[in-house]
Amino acid sequence: MKKWLLIGGMVVVAALTVGFLVIKGPEASAALPQDFELPEYGEDEDIVRHLGYTASYNHGTLVPDWVAWELTREEAKARKEGQFSFSRDPDVRFPKASREDYSRSGWDKGHMAPRADMRWDLKALEESYYFTNICPQDHTMNSGAWRKIEEWCRSQALLHERLYIVCGPVFTNHRHGTIGEGCVQVPDAFFKAVAMENGGELHTVGFIVDNSPQTFSPRHYAVTVDSIETVISRNLFPLADEAAEASIDWNVWK
DNA sequence: CGGCCCTAATTT
DNA sequence: AAATTAGGGCCG
30 MKKWLLIGGM VVVAALTVGF LVIKGPEASA ALPQDFELPE YGEDEDIVRH
80 LGYTASYNHG TLVPDWVAWE LTREEAKARK EGQFSFSRDP DVRFPKASRE
130 DYSRSGWDKG HMAPRADMRW DLKALEESYY FTNICPQDHT MNSGAWRKIE
180 EWCRSQALLH ERLYIVCGPV FTNHRHGTIG EGCVQVPDAF FKAVAMENGG
230 ELHTVGFIVD NSPQTFSPRH YAVTVDSIET VISRNLFPLA DEAAEASIDW
280 NVWK
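Residue 211 in the numbering used here is what sits at position 182 of the first sequence, and the numbering runs on without skipping anything.
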């Protein structure tokens, strides 16, 4: 059933793409399908769509399984400002993480889709503070290695036209347990997968950072998207061909 | 020194 | 539960 849905979805995407090409002409061939950034997901997942990101929120862990978004050059340049605080997602009705769970836990309320990637719209900025988009993160890692990866992504978005990014928690041995009365599970590590089109070819790069004090530069944590997919058992860019996820081309990722 | 990642205490 | 206020540390 799931497989047929997937195939059906791909047929629809292909049909839309063909239609798009007919209308727009060959110069549009560089544009990847809308929602290209969304990973593979099952019917049992709770998908929440917001202006700046789409996420799959997990009832059991009380963190997202993944958060996906597109980052364009213009979005990366934007500097809108507003004051927002962490809050519950009105689009998620079942029990979810709260501020109390994180308060004095020793763990950061770490953004998956970064606040700084959402400064092109005040609504997107506000929604980035929903717990749908938050995981418990080591503070040194969040403000160190993870932040450097986020800033590296923004610099890549400025160099190229747009990036497709999906990131989320990695659970292996659950060595950090849970926090708060809600029992929010603390991830063992985090993954981030990035895709970008350059010269008609798709390029990808990934990162895995342990949820512990990490401060090295992005390349230290670089891995293929393929290897992330093995670790989390999920296809991250279903519409990308396998070869694009099997290697990292540091000539295009500058 | 500004930008970005935050925290905690207090008030509503 | 959320808004307000005040503050810290790291890095390019």
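Quick reminder that beta carbons are idealized off the backbone N, C-alpha and C, glycines included. Note that the structure is predicted; figures quoted are calculated from it, not measured.
Checklist line | Start-end ranges of the beta strand (DSSP E) lying completely within the stretch 173-222, minimum 3 residues | finding: 191-199
Notebook entry, point to check: In this structure, what does DSSP give as the bridge partners for Arg78?
Noted result: Thr83
Notebook entry, point to check: Can you give the Cα-Cα distance for Tyr159 and Phe65, rounded to whole angstroms?
Noted result: 23 Å
Next item on the list: Could you tell me the distance, in whole angstroms, from the CA atom of Lys53 to the CA atom of Gly197?
Entry: Reliability of the predicted coordinates at Lys53 is poor, the pLDDT of 34 falling under 50, and the value obtained from them is presented with this limitation in mind. Their backbone Cα atoms lie some 35 Å apart in a straight line.
Next item on the list: Could you check if Asn171 is buried or exposed, using at least 16 other CB atoms within 10 Å of its CB as the buried criterion?
Entry: buried
Item checked: Host beta strand (DSSP E) of Lys106 (start-end) -> Where Lys106 is concerned, there is no enclosing beta strand (DSSP E), although the alpha helix (DSSP H) it sits in stretches over Arg102 to Lys106.
Margin query: Determine whether the beta carbon atoms of Thr90 and Gln243 lie at a separation below 7 Å.
Written below: No.
Margin query: Looking only at its chain, what residues have a beta carbon closer than 7 Å to the beta carbon of Ile261, apart from the 5 residues adjacent to it on each side?
Written below: Val199 and Phe220
Checklist line | Distance between Gln185 and Glu74 (C-alpha atoms, nearest Å) | finding: 31 Å
Next item on the list: Determine the contact status of Met141 and Val96, defining contact as a CB-CB distance below 7 Å.
Entry: yes
Checklist line | Cβ-based burial, Phe266 [other Cβ within 10 Å; buried from 16] | finding: By the neighbour-count criterion, in which 16 or more other beta carbons inside 10 Å mark a residue as buried, Phe266 falls on the buried side.
Margin query: In whole angstroms, give me the CA-to-CA distance for Ala84 and Gly206.
Written below: 23 Å
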